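Written below as structure tokens is the structure these notes are about.
There are 4 protein chains.
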Amino acid sequence: MTFRKIPVAILGATGAVGQRFVHLLAHHPWFEIAALAASERSAGKPYAEACKWVIPGDPAPELQAQIVRDLTPDVPATLVFSALPANVAREVEADFAAAGYAVCSNASAYRYDPDVPLVIPELNADHLVLIGRQRRERGWSGFIVASPNCTTTGIAMTLKPLDAAFGVRKVVATTLQAISGAGYPGVASLDILGNVVPFIPGEEEKIQKETCQLLGSIAAGVRQDAEIVISAHANRVPVLDGHTICLSVGFEQVPAVAEAVAVLHAYQGPPDVQGLPSAPQHPVVVRSEPDRPQPRRDRDILDGMAVSVGRVRSCPLLTLRMVTVVHNTLRGAAGGAILNAELLVARGFVTA
Amino acid sequence: MTFRKIPVAILGATGAVGQRFVHLLAHHPWFEIAALAASERSAGKPYAEACKWVIPGDPAPELQAQIVRDLTPDVPATLVFSALPANVAREVEADFAAAGYAVCSNASAYRYDPDVPLVIPELNADHLVLIGRQRRERGWSGFIVASPNCTTTGIAMTLKPLDAAFGVRKVVATTLQAISGAGYPGVASLDILGNVVPFIPGEEEKIQKETCQLLGSIAAGVRQDAEIVISAHANRVPVLDGHTICLSVGFEQVPAVAEAVAVLHAYQGPPDVQGLPSAPQHPVVVRSEPDRPQPRRDRDILDGMAVSVGRVRSCPLLTLRMVTVVHNTLRGAAGGAILNAELLVARGFVTA
Amino acid sequence: MTFRKIPVAILGATGAVGQRFVHLLAHHPWFEIAALAASERSAGKPYAEACKWVIPGDPAPELQAQIVRDLTPDVPATLVFSALPANVAREVEADFAAAGYAVCSNASAYRYDPDVPLVIPELNADHLVLIGRQRRERGWSGFIVASPNCTTTGIAMTLKPLDAAFGVRKVVATTLQAISGAGYPGVASLDILGNVVPFIPGEEEKIQKETCQLLGSIAAGVRQDAEIVISAHANRVPVLDGHTICLSVGFEQVPAVAEAVAVLHAYQGPPDVQGLPSAPQHPVVVRSEPDRPQPRRDRDILDGMAVSVGRVRSCPLLTLRMVTVVHNTLRGAAGGAILNAELLVARGFVTA
Amino acid sequence: MTFRKIPVAILGATGAVGQRFVHLLAHHPWFEIAALAASERSAGKPYAEACKWVIPGDPAPELQAQIVRDLTPDVPATLVFSALPANVAREVEADFAAAGYAVCSNASAYRYDPDVPLVIPELNADHLVLIGRQRRERGWSGFIVASPNCTTTGIAMTLKPLDAAFGVRKVVATTLQAISGAGYPGVASLDILGNVVPFIPGEEEKIQKETCQLLGSIAAGVRQDAEIVISAHANRVPVLDGHTICLSVGFEQVPAVAEAVAVLHAYQGPPDVQGLPSAPQHPVVVRSEPDRPQPRRDRDILDGMAVSVGRVRSCPLLTLRMVTVVHNTLRGAAGGAILNAELLVARGFVTA
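Each protein sequence line maps, in turn, to chains G, F, R and X. Mind the numbering: the first sequence is residues 308 to 659 in this note's numbering, read in order. Mind the numbering: the second sequence is residues 308 to 659 in this note's numbering, read in order. Mind the numbering: the third sequence is residues 308 to 659 in this note's numbering, read in order. Mind the numbering: the fourth sequence is residues 308 to 659 in this note's numbering, read in order.
Put into structure tokens, the structure is as follows:
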């Protein structure tokens, strides 16, 4: 039996997240890169020339010579990954969806639309039912599925198992975010070297909003956001990759620390998600050392697709405190979107 | 009229905080360094040889040749500053206090004893009344006054004005602490370069305990700790100096953001504290930029003796969120202890 | 007797070096800031709004409200400091010189013109005689005096004393340069955090060329460049301020290490330079510790106006090896240009 | 046919380099870890408890429970890797060699003995002939083979191809070395964060001496060191892994830049070395970008076993300048020693 890989395109292929897509898809078992697309400035140039490669290693040799296309929706692909900036994404992603493409977007442009599923496969694969309504109401032959903000990904993956078991009601989330979350050139070294910047525009609002969406449920085809009160404090720190999040969590039913740890450790997504090529063996890895997780030492665990949780302990104010590390450009960006695409294939939304 | 400076000694003069004392006291208007003392390992050597100087600049030339004394309580001084490690401090500080010295300690050894004032002059100068009881009950001719933990200093200086005006009830404090807080050699570069370590032994407990002490009141000669529920998350980040603290605060009476800002800005300690040589013009400097305070850019404000507070905004869970930066080795260590010593002179507990 | 300060303007006042000028001139004994000028984008706005302040502290309150002017040569000043980028400087500095202003430039635009003195006062104050020829030939009522490249400043200040005593013939200079040398936003944090970038455009050529100019002599009103063969390797490292330079130096007459150290230590510029307000007590500070100078610990010595030299030792290939640290935005930029301006006043080229 | 892996032991298994050995040997095709040994302090404890793991990931689960042995030469292995500190290595390595073990040492203890081969397989595999003399003269049934200093590895791998083609005569080597080269805890963060330390004890001497050894030849069973004059400047920089070295090189026969690049690119070790499991496809990877190699982006090329060379350009003083990056704990330490062990197997010095 011959297996034909699904041709995919990367929109915004020259940026920092676009490069992560290129890197992760180079040897993907189901997908093959059929097109690299970017803004006018890059279009028409060989990829190696259009792109200042900022992640380790080099792009695969066969991609270096590939000519970057513009963002017109006529790429030789079935599915497109969007690493576009939000302002560009709004129009371009709609064009691709209207033209029949399945769009797996890492941008925030459509995240908050009620008919666009915002998905982390292990958490809320069932939100994909929104696709039907999306296509119907918008008259698109394709559709958009969104991945959440990188920090929110870490928070939601930590809270979901606990919410399912004990009911999460209140959260204080203080983040220590890596510079790669701001893209390239992104954060000026004069701003962050030996420093902390206690502000990331829009981040706290995204955390507060998207966490409730991801932990929400679908009733009668409509998404009901979870009713969790979240207070977020977002900080940039001089770390290359890996966001660290300190959480104080209040529960409806108060678990012992050991119960919470057990629930985190045991968590698994639906069976068909567990078998996806990019799904980690465990979505949540629990560390028992007193000083872990740490971004530099734990971000790459299970290929950067699991979150690491540690220091689970009681909280004098709410119920429990804990620390989470998530790889912001792998699970929190390109890797998360690819896992979404795999889910779309597994559930028949995309076919070769 | 001739003014005679008060001779002081520095215990633990060769360590990182000891060096800050040496630096700050080199040109002090009231105090002059009469003795440098340290452990057996350093005693008997010239200071420049005993001490690996790790802060900018050099020790004053006249001090470089001074022979380091051991920790016997027979120094030619009236007042001693202790930068000793906690385990050594318990015995040595008692010896000095028993021998008649006024001890301004930066160590945690006596901080939690009910008869030892834990003081930030602008906040709780009235706690000095505990000295009488301390001398009486212990039979010491001298006494010990303690300075709080560096991070707690930043938190308490931020909360005190707000507590006085609106009543602080609940606090979540997440810290991003500089490496200098761990002394020298302290944090290994392999642990912290491009990384976050989400654990500092004992720190969260100190924050939770000392904040309530500092904001407590004296009734009938006994300290009543404030009843504030505090949940602390302590992190080490790759910053040289300056601790950053993200605060969510719940109040008894809910202030508007502008009211809280006005209260922080207007705060002043007692009149006699305002005139002390090391007292900053304002204990709290409020920043209005969206991305301040930052440790590298704000730690040195008003000679590192003020805290900088910014991003005062509402909190979805408690009442207000804000960010504080405190210079951990100046206001949070040596500078704070020197200000305490000045207060002791101003209030007649120490005389030339 | 009343002393009237000389009114000065800063061209390019909103950039990183411009901010250093603003900071250093805030309390200058001879100069007062009469105008802040910058490109069209900033002109017309209050300085605090036009400028993202990136150095520690804040601009003086009275300057924050000052309206930024454009770069037209009609400022109410006698002398102007230029912190303009090279491409803008070529035209604007000429306009100001033609209009009668004394221009102390930190830009490279005119550095290599044979009639423009490139000056470090302690080294080659006599090069100012070129001003006469410059005005004559160009028909300018004002003139331009240039400051050298920041790294070259450190190299030339180290080599000059040795050249005067022993004759420098060959140099290998490998630099480890701070990020502030690239201005703001300058170096992306994704490029430099935990990394080295072994390339700085144009830097090696500047070092090779300007060092020979600075150590050159004036004969019959013409500058004769020194004949020193210099091989430079320029690197960017994750250091905030302070360039470190490793030097292998070959001499005509071979000195012992102690002789070289003595010559470096004893070096002084001409007597009238020694008395200038911004002149350091010693242009060269020699460190004897085995691991100094270091940029973070030594850059601020003597207000950042001296270079620190250490590890003077023999070289297996040439004669001696040594390490120099220079504060790149103080002595190597704004401070150096202000010292040049003071020299112009002291020698009568500029009068109040 | 069944293939039996060769049992190996790691001496000094708990240190930073020891951990690299553990990591690299976990899935080695020829070797299996039969014993972990370390000093008295660690002996008798499970590895996970004895060892503070400082490199990314975790030790393999089956090793975590393994009990650490002491350094007595009775391990169930044929070959031992030594990651011992130099002072301990002198005695312990001799004990193991005398007891019949093949010792692949990363320590400097025996590097300079004339009968101990100091080997980089692609460069001087022929130096292994010294083993015969070593066993004979010392009466050992086993033997020691040494790996060079990490920085020297990068320099020698860059110079060897050029030396073979054009004759290297003079070298100035300025290094920018990663913190991991100093082991754990190693460099204090207070010393290196945002700083450069221009001194590494003993490093410059090692570079100067070992480079000549590695590029030396064997004549009549005796090693003749190469006659290259080397001037080294060693610096520590805030980089995690990967040493950067700036080289000025003088040749006997002057090559064009393109010729030198071609020679570097084409270089290969002996055929039997090319086939070793840990041998990189190319020992030297030449980068053509103007700003490469960089330690963070290039250290991991070809599994960290190749050096990356770039910026090959003419030198005003000698012949050519260039920049090399070598992964100091992979090719420059554990990986290099393992490649030596593979060579010993391939050439019959060690058999299963």
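Glycine included, C-beta positions come from ideal geometry on N, C-alpha and C. Note that the structure is predicted; figures quoted are calculated from it, not measured.
Contact annotation for valine 361 of chain R against chain G: Leu497 [CB-CB distance below 7 Å, chain order].
Annotation for phenylalanine 403 of chain R: the continuous alpha helix (DSSP H) segment containing it runs 393-405. Taking a contact to require three or more Cβ pairs closer than 8 Å, the stretch 507-516 of chain F and the stretch 564-577 of chain F do not qualify as touching. Secondary structure of valine 382 of chain X (DSSP, three-state): coil. Taken atom to atom, the span from the alpha-carbon of alanine 393 of chain G to that of serine 389 of chain F is near 55 Å. For secondary structure counted as the alpha helix (DSSP H) over 4 or more consecutive residues, the stretch 429-466 of chain F holds these complete runs in sequence order: 437-445. Contacts between arginine 604 of chain X and chain G, judged by CB atoms closer than 7 Å, involve Pro363 in chain order. Looking at the DSSP output, methionine 629 of chain F sits in a beta bridge with F:Leu554.
Counted as a single uninterrupted DSSP element, the alpha helix (DSSP H) harbouring threonine 518 of chain F occupies residues 510-521. Of the candidates F:Ser524, F:Gly325 and F:Ile317, F:Gly325 places its Cα closest to the Cα of leucine 637 of chain F. Taking 8 Å as the cut-off, the Cβ atoms of isoleucine 552 of chain G and isoleucine 451 of chain G do not count as close. For serine 487 of chain R, the closest Cβ of chain G is nearer than 8 Å. Looking at the DSSP output, leucine 318 of chain X sits in a beta bridge with X:Ala344 and X:Ser389. In its chain, beyond the 5 residues on either side, Val546, Gly549, Thr551 and Val632 have a beta carbon closer than 6 Å to the beta carbon of proline 602 of chain F. In the DSSP assignment, arginine 543 of chain G is bridged to G:Gln484 and G:Val504.
Counting along the chain, the unbroken alpha helix (DSSP H) around glycine 642 of chain X starts and ends at 642-653.
A contact is defined here as three or more CB-CB pairs under 8 Å, and the stretch 612-626 of chain G meets this definition with respect to the stretch 583-601 of chain G.
Against chain X, the beta carbon of aspartate 607 of chain G has neighbours under 8 Å at Pro363 and Gly364, listed in chain order.
Contacts between proline 508 of chain X and chain F, judged by CB atoms closer than 8 Å, are missing: the closest CB pair is about 15 Å apart. Per DSSP, glutamate 356 of chain F has no beta-bridge partner at all. One alpha carbon belongs to glutamine 531 of chain F, the other to proline 421 of chain F, and they sit about 10 Å apart.
For phenylalanine 656 of chain F, the secondary structure class from DSSP, reduced to helix, strand or coil, is coil.
Check the Cα spacing between proline 314 of chain G and each of G:Val479, G:Val329, G:Ala333 and G:Ala341: the tightest is with G:Ala341.
Collapsing the DSSP output to three states places isoleucine 362 of chain F in coil. Within chain G, the residues placing a beta-carbon under 9 Å from that of proline 492 of chain R are Pro492, Val494, Ala495, Ser496, Leu497 and Asp498, ordered along the chain. According to the DSSP assignment, valine 591 of chain F belongs to no alpha helix (DSSP H) but to the beta strand (DSSP E) extending over 591-593. Spatial neighbours of alanine 641 of chain G in its own chain (CB-CB distance under 6 Å, excluding positions within 5 residues in sequence) are listed in chain order as Val324, Arg327, Phe328 and Leu331. At least one beta carbon of chain G lies nearer than 8 Å to the beta carbon of asparagine 542 of chain F. In the structure shown, glutamine 560 of chain R adopts coil according to DSSP, grouped into three states. For the 8 Å CB-CB criterion, alanine 416 of chain R and glutamate 400 of chain R form a contact.
For glycine 643 of chain F, no chain X residue has a Cβ inside 9 Å of its Cβ, as the nearest lies near 20 Å away. Secondary structure of valine 475 of chain X (DSSP, three-state): strand.
Residue-level contact check: leucine 547 of chain X touches chain F, since one or more beta carbons of chain F fall below 8 Å from its beta carbon. DSSP places serine 524 of chain F in the uninterrupted beta strand (DSSP E) bounded by 524-526. Per DSSP, the unbroken beta strand (DSSP E) holding arginine 620 of chain F starts and ends at 614-621. Closest in alpha carbon position to glycine 509 of chain F, among G:Asp579, G:Asp598 and G:Asn413, is G:Asp598.
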